[in-house]
Structure formats: structure tokens, C-alpha cells
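For reference, the structure discussed in these notes is given below.
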């Protein structure tokens, strides 16, 4: 691959296209996500598609920092918003439907959930986390309507492009299902964010980079790269005990992240580069608890290499004549 530029690309003071940079560009001020649990379940848990859920997924459906399920959505919103304001006193908000599969309900029910959050003061948009196999046509039509009147993201878990890994983690959909869902959303110009995980059982560094390359070539506008966290009471604990899982070292993870950033198109928005888990649930890797240390190390490695997001990215060649 050839570099598309020899001059460093910068987004503010960062060498990658951060969510924070994009929000300030879009709205002229700080915008943070308010994490919500609307009470959904998942077709990978309730038997519609599979049972047991993804082996890495916690009992709260990856919504461990979202509002309390027993509270109504407005109460959740106010509680999480006020907590976030302790860090950022002046900001606008995106309602983030985070826990479980947030399009897994009839449209009329989805409308009630989404609209009540859009009505809250200071809300400028929604981010809706879901699975690619939970986007029936009527739901996509409603999302297209929302996309016309608010700032909307649909976040979908891909996790890996490797079918052997997908089977091992009980993902219960394949990569083709994912790309079909992206096409369905992009037909309506809906912004789509791909979630991937580095450190999944039995994946090599090369396999992880292959997943990153695949996302770089997709028509998605954002990416979240998660570090695998092993949490107590998840099915993956048994896989770990069976020797199927090796925790990534911090230096290894930082190299993987920087290698991936170089391959991403510059316009792709990086929503996340690591993650955190509740300390009382985390089995490993324990270094992940030092989130800012990890993020600072990524910045330092980008600078040390004199590299940046998109340095090794090349646009796909246009199709030739038929």
C-alpha cells in the first residue's frame, strides 16, 4: 500500500478522527452519550436465533454502565446525564440505547422508547446499538424517518470476520449477514458504526488486523475497537479455563490499534479505541482498568512512528467498464 499523504493528518491534537472532534465539528460544543437500558433482550439469548448469548457478553447485555433497568428511561437519562456532567459541565447529549439489542421489538414500541429521549432538553441525536439480524424492513423505514429529523447512528456488533471465531463465541450470524445489514441501512444514508473486538479466543494478530481491514473497506462511517474483557459469570470463563483464551498484553494491543488506524479511511470516525469493565466483574486483562494510560500510550505510539489514521489507506479503485 502507498501512503496517500506524507504530511501528518491531525484532528485537533489527535492523529486519528476522534468522536469528540467530530461532535465539536458537528455541534460546536462537547456532546456525550447518555447510556440507557430500555429493557430489551436479544434473539441470541431468548431462543429465536440461539441461546446463551455471545460468550463474552455480561448479564447486562454489554450495558454495564447504562442506567438501571428498573428505572424508566427519563429517570435513567437524568441520572446518567448528571453523572456525566461532573466531568463535562457544559454539553449536549446523544441518547445511547446500549444494553442488549435495541431494535428487537415492534416498531410502535421502539417509537415510544426513542421519541421520549428525543424530547429531553439538550438531546441532539440518538445512537442505537443492535445486531445485523434484527433490522426488519419496517424498523429500517422508521430509522430512515428518524435519520431525516435527528442526528442518528446505528451501532452494530461485527466483532470478527472469521467464521471460526464467530462460532466459538456463539455470535449466531455470519459476515454476509453483517454486510447485508450495512447495505440496508446505507440505502437510507443512515450512519453506521461497526464494533469489533481484539483478543477473541484463538485469534492471531494477523486475524485481528484482517477484521480491521475488512471494516476499513465497508461502507461504515464509524468504528469501535474493543479490547476483550473477560468478566465473571460469562460463558467465556469456561473457554478461558479450557485454555482457549490468552489475554493480550498492553504493548501488543497498542501495536494492533496503531496498525489498524493506519488502514482506516481518514473520514471514518473512531468512536472508541479501548473499553472498560466494572472492576468487581473483571477477570482480565487487569491493565485495561488504566484506560487513560492505554489511550495516552496509543497517542505516543502514533507520534513515535510518525503515523496517523489513513496513512496506509488507499481508496478502492473504481469499477472498470462492463
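In this note's numbering, the protein residues as written are 1097 to 1418.
For each residue, glycine too, the CB sits at the ideal point set by N, CA and C.
- For residue 1317, no beta strand (DSSP E) run applies, since DSSP gives it neither H nor E.
- By the criterion of a C-beta distance shorter than 7 Å, residue 1177 is surrounded in its chain by 1130, 1189, once the five residues flanking it on both sides are discounted.
- Inclusion of residue 1354 and residue 1397 in the CB contact set at 9 Å is warranted, their separation being smaller than that value.
- Inclusion of residue 1364 and residue 1316 in the CB contact set at 9 Å is warranted, their separation being smaller than that value.
- Check the Cα spacing between residue 1374 and each of 1326, 1407, 1389: the tightest is with 1326.
- As for any beta strand (DSSP E) of minimum length 3 sitting wholly inside the segment 1358-1397, the runs are 1365-1368, 1378-1380, ordered along the chain.
- One thing to note: residue 1113 has its Cβ no nearer than 9 Å to the Cβ of residue 1298.
- For residue 1189, the uninterrupted beta strand (DSSP E) segment begins and ends at 1188-1193.
- Distance check between residue 1167 and each of 1183, 1180, 1133, 1197 places 1133 closest, using alpha-carbon atoms only.
- Note that the C-beta distance between residue 1255 and residue 1292 is below 9 Å.
- A buried status is given to residue 1249, since no fewer than 16 other beta-carbon atoms sit within 10 Å of its beta-carbon.
- Residue pairing of residue 1293 in beta bridges, as defined by DSSP: 1322.
- Bridge pairing for residue 1249: 1223, 1287 [DSSP].
- About 6 Å separates the beta carbon of residue 1306 from that of residue 1257, a gap short enough to meet the 8 Å contact definition.
- The three-state secondary structure of residue 1214, taken from DSSP, is helix.
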